[in-house]
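Presented below is the structure to which this report refers.
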Amino acid sequence: MSEIAAHWNYYLVIILMMLGFYAVIARGNMVKKMVGLNIFQTSVFMLYISVGKIDGGTAPILTGDPASVYSNPLPHVLILTAIVVGVATTAVGYALIIRIYEAYGTIEDDEVAVLIDSDQDARERADAEPAS
Amino acid sequence: MMQHLPILQVILPLLAAPFAALASRRHLAWHLTLVATAGAFAISLVLLATILRTGTPIIYDLGGWPAPIGIVYVIDSASAFVLPVVSGIGFVATLAARHLVIAEIDARDHPLFFAAWLLTLAGMLGQVTTGDAFNIFVFLEISSLSGYALVAMGAGRDRRALPAAFNYLILGTVGATFYVIGLGLLYMLTGTLNLADLSVRLAEIENLRPAYVALAFIALGLFLKMALFPLHLWLAPAYSHAPSAVTALMAATATKVSVYVLIRFLFGVFGFEFPYMTQAVGGLLLTLGLLGAFVGTFAAIVETDLKRLFAQSSIAQLGYMAIGLGIMTSAGIAASFIHLFNHALMKGALFLALGVIAAQTTHLSLHTIKGAGRQIPMTMTAILLGGLALIGVPLTAGFISKLYLIRALIDSGLWAVAALTFVSSALALVYVWKIVEHAWLTERPENAPVLTETPGQWAPAWILVLATIGFGIYAGPLVEAAFGAAQVFGPDIIQATQTIEGLHIIEGLEGQE
């Protein structure tokens, strides 16, 4: 139990990670998939930030006091970059969802799949007709 | 100037992208793109020539910060081998993009199309050049995000490009996030992100359990990105509904760059000595590679849509690259490098040639090309020669790849795998024959639309076809360069000189405090 308490942030990360990943895989609604993807990515951000934290550490600013303990700034910087990447991914993803809704009138995975099949059939028929 | 070439390689397309996006005059964006890709190609050739001549890696410290504190760009035999493949295909595909983009994409979107095109190239070149593991992730996402946008631009002609791009985005992001998770674990364990430094510090660590998990996450993420069976399902829809120029660029380069990053991690960071590497990872790569080779080939055999057919064959070809890595010898890695090079040429040629037809029809299937052999002989011959190279017929570059792959397998005593590799490549004959049968042995239906071709349209594909044949006949330099690239990861080669210098600097800094 104390083991869990000491590393509670890592357990939280794992729970969030699995929740997000499950939503990405199991949800048919594309918006929900994107939400899941965001939760999944955020859990990784938290993993990195947890790694950088040092108990009793302050912000990594040079004070001239050799005894001062500070948190590792590198993971924070990395995650700042990863957040930017995540925002860009989310933007592209939702832009695509809007276009999919305009083109298909639905954002449900399985309904779009049916329409994709019918597109394929329509094109194959269009091919076959001039030949026959 | 000369010493800044490693960074210029990446910066040139990156800086050209916003200018292309702002270009207002018709075709100005294309001209900018052509100049930028030609420049990148020229730089990569200079770098390759320098490396082949001197043999010593070029290390470029960004901002003057040496490794492992700063980010370094490393041009060694391996990255110098892959750079011209990416930038060369980028250049030739840009040549073809002029007519393909005019035919397939709304004129208003041309500047944005070429901006995304340059960004995806810059991202791929960055992944190959950089020596920093997190930098790889950033470039991976630059190339992927612009890649999703490029695939989605096929929506003007085929609305299925949109869900294809969305699925690609979901799976691509999951793959990239897996990579970041693995990297986080490695960073926790070693406190560094420099690739060379990682390998040195990993070797000193006793409790490797987090490193096993890191290896699993990184490998899985990259398997997704390189479309290794059974994580290949995003590939066929994305390639078949994307604009033709995009298909040619991505099929020839995007997955190859992921293969290269995988090689960097498996052999450059974890190394042959890493526990479970040879048995577990090697066995997994061999199994998945073989399964991919058969599944991809069978899927291509039953396919009638031509773009999708060659996309399925890409899955088989990536399987062969995985098999090469799975052998876990320098010869196997060299075989993968050779195939990486040759497959980029073949698939580039095939998809550029298919683009000539795709630009004229709504649906590119076996019916569309019935009797087309006499109407558009140059295009169809390019497709035929590309197909023959895929099978591995002698005098094509495909033969060289298969020869070295099978030889490396036999050298390691993997006779069964060698036999199965041979069988699956021979099966490729079935789908190539289907194309011959429809294009040459069938009469063109009377009411079928007339297909046309001009030298400007088929020339880019033929550049790559001639390269395929050229490297098939005169393969010496290619094979030598590929073995040189594999030597970087050889069991005895330590490429840590730069890191050791860097470590001294860290010690010096600590001493000052």
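Read top to bottom, the protein sequences are chains S and B.
Start counting the first sequence at 361; every next residue gets the next number (the numbering used here).
Start counting the second sequence at -10; every next residue gets the next number (the numbering used here).
Glycine residues also receive a C-beta, built at the ideal position from the N, C-alpha and C atoms.
This one's a predicted model, so the numbers in the text were calculated from it and none came from an experiment.
Just the Cα atoms here: how many angstroms apart are residue i and residue j?
i        : j         : result
B:Ala104 : S:Thr418  : 43 Å
B:Leu492 : B:Gly210  : Confidence is the limiting factor: at B:Leu492 the pLDDT is only 39, short of 50, which leaves the residue's position unreliable and the question unanswerable from this model.
B:Gly473 : B:Thr276  : 27 Å
B:Phe446 : B:Gly272  : Correcting the residue type first, residue 446 of chain B is Gln in the shown sequence and not Phe. So the two alpha carbons sit approximately 44 Å from each other.
B:Gly59  : B:Gly260  : 23 Å
B:Ala141 : S:Gly453  : 11 Å
B:Gly79  : B:Gly344  : 15 Å
S:Val391 : B:Ile462  : 52 Å
B:Glu442 : B:Gln364  : 8 Å
B:Leu416 : B:Ser302  : 11 Å
S:Val384 : S:Leu422  : 43 Å
B:His99  : S:Pro420  : 46 Å
B:Ala111 : B:Ala138  : 15 Å
B:Ser414 : B:Gly120  : 35 Å
B:Leu36  : B:Phe70   : 9 Å
B:Ala471 : S:Tyr408  : 37 Å
S:Tyr371 : B:Ile(-4) : 41 Å
S:Asn389 : B:Ala96   : 33 Å
B:His88  : B:Ala5    : 21 Å
B:Pro152 : B:Ala192  : 44 Å
S:Leu379 : B:Thr162  : 16 Å
B:Asn183 : B:Val248  : 19 Å
B:Ile322 : B:Ile316  : 8 Å
S:Ala442 : S:Ser403  : 12 Å
CB-CB under 6 Å to residue i, same chain, minus the five flanking residues each way: which ones, in chain order?
i        : result
B:Phe299 : Leu339
S:Gly446 : Gln401
B:Ala154 : Tyr137, Val140 and Ala141
B:Ile452 : Val81
B:Thr351 : none
B:Ser503 : This structure does not reach residue 503 of chain B, given that chain B is present from -10 up to 502, and the question cannot be answered.
Does any residue of chain B have a CB that is nearer than 8 Å to the CB of residue i?
i        : result
S:Asp425 : no
S:Asp481 : no
S:Arg459 : yes
S:Leu407 : yes
S:Leu379 : no
S:Val447 : no
S:Leu456 : yes
S:Val384 : yes
S:Leu438 : yes
S:Thr441 : yes
S:Ala463 : yes
S:Gly417 : no
Give me, in chain order, the residues of the same chain whose beta-carbon lies closer than 8 Å to that of residue i; leave out the 5 immediate sequence neighbours on both sides.
i        : result
B:Ala165 : Phe126, Leu129, Glu130, Ser133, Gly210 and Lys214
B:Gly465 : none
B:Leu280 : Phe218, Pro219 and Gly308
Comparing the C-beta of residue i with each C-beta of chain S, is any distance below 8 Å?
i        : result
B:Ile170 : yes
B:Phe102 : no
B:Gly173 : yes
B:Ala5   : no
B:Glu426 : no
B:His20  : no
B:Phe123 : yes
B:Ala185 : no
B:Tyr127 : Here residue 127 of chain B is Val; the residue named in the question, Tyr, does not match the sequence. Yes, B:Val127 counts as interfacial toward chain S.
B:Leu114 : no
B:Tyr249 : no
B:Thr166 : yes
B:Glu93  : no
B:Tyr49  : no
B:Tyr420 : no
To which residues of the same chain is residue i closer than 7 Å at the C-beta, ignoring the five residues directly before and after it?
i        : result
B:Ser66  : Ile40, Gly473, Ala474, Gln476 and Val477
B:Gly387 : Asn331, Met335, Ala378, Leu379, Ile380 and Gly381
B:Leu224 : Ala216, Ala300, Ser303 and Ile304
B:Glu499 : Its pLDDT being 42, under 50, B:Glu499 is placed unreliably by the model, and the measurement read from it follows with that caveat. So no residue of the chain qualifies.
Name the residues in the segment 217 to 241 of chain B whose C-beta lies less than 7 Å from a C-beta of chain S; which are they? none
Chain B contacts from the segment 388 to 400 of chain S (Cβ-Cβ distance under 7 Å): Met390, Lys393, Leu397 and Phe400
Mind listing which residues of the segment 141 to 164 of chain B have their C-beta closer than 8 Å to chain S's C-betas, in chain order? Ala141, Ala144, Asp147, Arg148, Arg149, Leu151, Pro152, Ala154, Phe155, Leu158, Ile159, Thr162 and Val163
Quick check for students: name the residue ranges of the alpha helix (DSSP H) that lie wholly in the segment 99 to 137 of chain B, counting only runs of 4 or more. 99 to 118
Sequence ranges, beta strand (DSSP E) only - wholly within the segment 405 to 492 of chain B, length at least 3: none
Name the residues in the segment 189 to 214 of chain B whose C-beta lies less than 9 Å from a C-beta of chain S; which are they? none
Using a Cβ-Cβ cut-off of less than 8 Å, list which residues of the segment 320 to 353 of chain B approach chain S; keep chain order. Thr351 and His352
Listed from N- to C-terminal order along the chain, which residues in the segment 365 to 395 of chain B have their beta-carbon within a distance smaller than 7 Å of any beta-carbon of chain S? none
Residues within the segment 272 to 286 of chain B neighbouring chain S, beta-carbon criterion of under 9 Å: none
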